[in-house]
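Report on one structure; see the data block that follows.
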Amino acid sequence: MDCIFCKIANGEIPSEKVFEDELCVAFKDLDPQAPSHILVIPKEHIESAACIDSSNSAVIAHIFEVISSIARDNGFDNGFRVVSNCGESAGQSVMHLHFHILSGRDFAWPPG
Ligand code: DGP
3 MDCIFCKIAN
13 GEIPSEKVFE
23 DELCVAFKDL
33 DPQAPSHILV
43 IPKEHIESAA
53 CIDSSNSAVI
63 AHIFEVISSI
73 ARDNGFDNGF
83 RVVSNCGESA
93 GQSVMHLHFH
103 ILSGRDFAWP
113 PG
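Going left to right, the sequence shown walks through residues 3 to 114 as our numbering numbers them.
Below, the structure is given as structure tokens:
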């Protein structure tokens, strides 16, 4: 499968990894939208949040534990935003489920 995030997960494409375990990888976004912008992905190919079900949801719970720990380790004490764009009209450009962790500035709500 020609998936750029699968290739990052298996090391075929280099990335600036900040965390990795048997289930997921976290790495710096190539096109940061905040002073800190980290992506967390499952190693397993899941297309988007629309494809989460009982067969794969355990990794999502794990990823949120990892997100919390990344926020602590990186001093995101003033707050951070977690975003998963799902589908074209929401702005998803890479069709491998990923969670953006953004921090280091204020964020508007609604997000626009
Ligand atoms: P989204 O638009 O929600 O699908 O987010 C995809 C993000 O992935 C976008 O912020 C840019 C980032 N990205 C795309 N290709 C690469 C890559 O090869 N390396 C890294 N580190 N980030 C990438």
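All C-beta atoms, glycine included, are put in the ideal place defined by N, C-alpha and C.
Asked                                                                                                                                       : Found
Give the list of continuous alpha helix (DSSP H) stretches no shorter than 4 residues that lie fully inside the segment 56–105.             : 59–75
Pop quiz: residue 50 and residue 88 are said to be a contact at Cβ under 8 Å. What is the actual Cβ separation, rounded to whole angstroms? : 5 Å
First and last residue of the alpha helix (DSSP H) that includes residue 7?                                                                 : 6–11
Do residue 6 and residue 85 have their beta-carbon atoms positioned less than 8 Å apart in this structure?                                  : no
Less than 8 Å between the beta carbons of residue 72 and residue 21, yes or no?                                                             : yes
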